[in-house]
Structures are given as structure tokens and as C-alpha cells.
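A.B. asks: Sharing a structure here in C-alpha cells format.
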């Protein structure tokens, strides 16, 4: 008896049979999957829109805030600059007042001193120190000072110091002052000139501060 067993199996076609319940189950699963993906995508799009809107709003607010701060800063600096300009104007005006007041006070003091005593000899001595070495000297004086000098002991002293000294009356010369002409140059010692020089020194001192 043979030990080999032969099986003859005929191939049969397999057919899957789906009933209505199975179809409905598949449709529901697909629908739920689609709904889930839709919700996820919707949420993603919402988040993207929200974030973009937030960022845009933030950027816009920051831009407006920065613009407002710039405008406030410019307004502040403009006010400061205006104050500085006013202070400079006030300082300049005050300096002018001080200088003009000093000028008037100087004139009054000098005029009073001249009226109280003759200062022409002192003015002449100081002025002639500037023309040491000159041979020909012309001294112009106020008529009142001229009479005082020619009748004083100061005239011989000048004649001994200089070779040739000539005096001349000039009403344009204020009392107490003189104008000296020499071959070496001129010396303006008029009272008005000396006052102006004093004021000029005061102006320079104020400008340097």
C-alpha cells in the first residue's frame, strides 16, 4: 500500500460579500475621519489667521506708539530749543543793558571829576609817554585846558622834555582830554575815546564768559 496521499483540491473563486451594515459602517468612519481632518485644518487656519492678525495689530500699535513717541520727542526738543533761544536773547539783551549803563555811568563819573578838578596834566603825562623820541609834537586841547596849561608850571617841564612842543586850541576836544600829533604817530586821548576803549574792554570780557 502506497504511503503517498494525493489531494485534489479544485480552485474556487473567493468573493467578498458586503452587506448594507458593513457599507454604512465604512461610510461613517470615512465621514468622521473627514470631519476630524476638516476640524484640524479649520483650527490650523484659525490659528494662522489669529496669529497673523495679532502680529499685524501688534506691529501697527507699535508703529503708532513709536510715531507718537517721536512726535512727542520732537515737540519736547522744540520747546527746549525755544527756551534756550529765549535765554540767549535775554542774556544778550541784559549784556547790552549792562554795557550801555556802564558807559553812561563812566561818562558821568569822568565829567564830574573833570568839573571838580583839572585832570589834563595827568592825561598829558600819560599820553606823552607813548610818543617818547618824537621831535615835533602838536597837542590839541580844549580851550579851557589850553589856558590852564599855558599858565602853569607844567609847560616848562614839557619844553625841557621834548625839543619842540606846540599847543593848539580845539573846541572839538572835550575838557580833560587831548589829541597829540607827532612825526611818529598820533595819540587819541579824548575823553570820548577813552570811554569807548573802556566799554570795548567790558564787551570783550562779557563775550569771553
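In this note's numbering, the protein residues as written are 7 to 215. Note that CB positions come from ideal geometry on N, CA and C, so glycine has one too. Keep in mind the model is a prediction, meaning the values are calculated, not measured.
Give me the Cβ distance between residue 126 and residue 184, rounded to the nearest whole Å; I'm assuming they're in contact under 8 Å.
C.D. replies: The Cβ separation is near 7 Å, so the contact holds.
A.B. asks: Per DSSP, which residues does residue 86 bridge with? Please list them.
C.D. replies: BP columns for residue 86 are empty, so no partner.
A.B. asks: Can you list, in chain order, the residues of its chain whose CB lies under 7 Å from that of residue 208, leaving out five sequence neighbours each side?
C.D. replies: If we look at residue 208 and ignore the five residues flanking it on each side, its Cβ neighbours are 105 and 108.
A.B. asks: Flag residue 182 as yes when its Cβ comes closer than 7 Å to any non-hydrogen atom of the ligand MN, and as no otherwise.
C.D. replies: What this structure holds is no ligand at all, so the ligand MN is not there to describe.
A.B. asks: On the criterion of 16 or more Cβ atoms from any shown chain inside 10 Å, does residue 151 qualify as buried, or is it exposed?
C.D. replies: So residue 151 ends up on the buried side.
A.B. asks: Residue 97: buried (16+ other C-beta within 10 angstroms of its C-beta) or exposed?
C.D. replies: So residue 97 counts as exposed.
A.B. asks: Take the Cβ of residue 103 as the centre, count every other Cβ of all protein chains shown within 10 Å, and call the residue buried at 16 or more, exposed below.
C.D. replies: Counting Cβ neighbours within 10 Å, residue 103 comes out exposed, since fewer than 16 surround it.
A.B. asks: Nearest by alpha-carbon distance to residue 164: which of 85, 141 and 80 is it?
C.D. replies: Closest by alpha carbon: 141.
A.B. asks: Between the stretch 164-181 and the stretch 71-84, do at least 3 Cβ pairs fall closer than 8 Å?
C.D. replies: These segments do not touch.
A.B. asks: Any idea what DSSP makes of residue 176, helix, strand or coil?
C.D. replies: Three-state result, residue 176: coil.
A.B. asks: Can you tell me which of 204, 64, 91 and 146 puts its alpha carbon nearest to the alpha carbon of residue 188?
C.D. replies: Nearest option by C-alpha distance: 146.
A.B. asks: Mind checking whether residue 205 and residue 195 have CB atoms under 8 Å apart?
C.D. replies: Cβ distance not < 8 Å, so residue 205 and residue 195 don't count as in contact.
A.B. asks: With a threshold of 6 Å on Cβ separation, who are the neighbours of residue 160 within its own chain once the five nearest residues in sequence on each side are excluded?
C.D. replies: Around residue 160: 127.
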